[in-house]
Amino acid sequence: MYSIQDLEELSGVKAHTIRIWEKRYNLLVPERTATNIRLYSDNDLRKLLNVSTLINLGLKISKISELSELEIGEKIEEHLLPEKTDKQTELFINNLISAGITFDTFRFDSTFSSAILRFGLRDTYTKVLLPVLIRIGLMWGKNQIVPAQEHLISNLIKQKLFAGIDGLPLNTSPKKKYLLFLPPNENHEIGLLLSYYLLKQAGHRVYYLGANVPINNLNIAVKSANPDFIVFFAVRSWGAKQLQDVVDEILQKFEKNIVVLGNENTIKPVKGKGLIKIHSIDQFESIF
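Encoded structure:
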């Protein structure tokens with residue numbers, strides 16, 4: 054269940070506005086605790102996200118409130134075709150979250166496909182998927198989304214990235230070779246998969262090992278593939294010494310150039326000869 058403050062944070066609609074819409078238009082009918090605190094369901098959040106989307110597209114709340122949920126969905130579908138408007142970005146974000154938490158995979162697929170047509174895979178990641186993941190992270194941190202919902206959304210995104218990667222031609226004369234992995238206790242593959250896509254698109258050979266790979270398990274891969282760069286993400290909360298130890302172990306074992314990607318504050322203290330620190334997609338693309 055969600056509080057009204059949670060709905061404000063996740064939808065961008067002010068709590069005061071939500072209360073007015075409830076009173077004036079009967080838009081949502083929340084449950085109430087014994088102390089009269091409003092509590093909202095997944096369906097309430099989904100409806101508010103949809104209403105927020107239509108408001109951003111220029112519809113009046115007085116008109117939206119007269120629509121059934123089916124009609125609201127149809128109105129949103131009318132705007133899913135690519136067009137040049139920043140408001141459509143919020144539509145994509147809201148639709149993906151709403152589809153994920155209600156297990157509507159058809160809607161998720163159609164929205165994702167529309168976003169790709171509008172932005173391409175790279176910009177869909179930065180403009181749409183990152184905000185989706187941030188909001189899902191907020192919901193997860195407050196126990197407002199169950200693991201099954203979070204896993205579904207993450208895995209649907211990963212499936213789309215794998216499909217994009219598979220759709221790229223294999224370069225028989227690669228420029229450089231990259232070995233991609235996530236170290237122990239790192240399980241968030243989405244950023245690593247986007248790196249895979251960008252590297253392959255740029256004409257490089259990529260060896261993708263996936264998540265939670267012990268450093269000593271890299272031996273055979275490095276020996277066989279002989280990559281020019283070893284690439285990994287530092288997404289979880291790392292202590293500076295912990296991350297430095299991982300970098301030192303890789304440098305000592307393999308004497309290869311290492312690319313570490315992550316939050317600037319997390320990776321800034323880490324040092325090493327041949328270490329490249331990346332904290333943005335633009336910066337990552339510049340090393341190709």
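Offset between the sequence shown (1-based) and the working numbering: plus 53. All C-beta atoms, glycine included, are put in the ideal place defined by N, C-alpha and C.
So, for residue i: in the same chain, excluding its five sequence neighbours on each side, which residues have a beta-carbon less than 7 Å away from its beta-carbon?
{"i": "M253", "result": "Checking the sequence shown, residue 253 turns out to be Lys, not Met. Closer than 7 Å at the Cβ level, and outside the excluded window around K253, lie I218, L221, V259."}
{"i": "E317", "result": "H332"}
Taking the straight line between their C-alpha atoms, what separation do you get for residue i and residue j?
{"i": "I117", "j": "I210", "result": "30 Å"}
{"i": "P184", "j": "I146", "result": "7 Å"}
{"i": "A293", "j": "V312", "result": "16 Å"}
{"i": "K195", "j": "L182", "result": "Its pLDDT being 48, under 50, K195 is placed unreliably by the model, and the measurement read from it follows with that caveat. In a straight line, the C-alpha of K195 is about 20 Å away from that of L182."}
{"i": "R85", "j": "F172", "result": "42 Å"}
{"i": "Q295", "j": "Q305", "result": "16 Å"}
{"i": "V199", "j": "I206", "result": "11 Å"}
{"i": "S64", "j": "S105", "result": "7 Å"}
Could you give the DSSP three-state label for residue i: helix, strand or coil?
{"i": "G217", "result": "helix"}
{"i": "V312", "result": "strand"}
{"i": "F285", "result": "strand"}
{"i": "F234", "result": "strand"}
{"i": "K330", "result": "strand"}
{"i": "V199", "result": "coil"}
{"i": "S248", "result": "helix"}
{"i": "I340", "result": "coil"}
Here's a check: name, in chain order, each residue in its chain whose Cβ is nearer than 8 Å to the Cβ of residue i, leaving out the five neighbours to either side.
{"i": "N238", "result": "N265, R289"}
{"i": "E119", "result": "none"}
{"i": "D301", "result": "G325"}
Do residue i and residue j have their CB atoms nearer than 9 Å?
{"i": "L271", "j": "I303", "result": "yes"}
{"i": "I125", "j": "V66", "result": "no"}
In chain order, what residues of the same chain lie with their CB nearer than 6 Å to the CB of residue i, ignoring the 5 residues before and after it?
{"i": "F337", "result": "I331"}
{"i": "Y78", "result": "S118"}
{"i": "I154", "result": "D95, Q202"}
Where DSSP assigns a beta bridge to residue i, which residues make up the other side?
{"i": "V259", "result": "Y231"}
{"i": "E84", "result": "L92"}
{"i": "Y55", "result": "Y93"}
Is residue i near the ligand NAD, with its Cβ less than 8 Å from a heavy atom?
{"i": "I283", "result": "Of ligands this structure carries none, so the ligand NAD is not represented either."}
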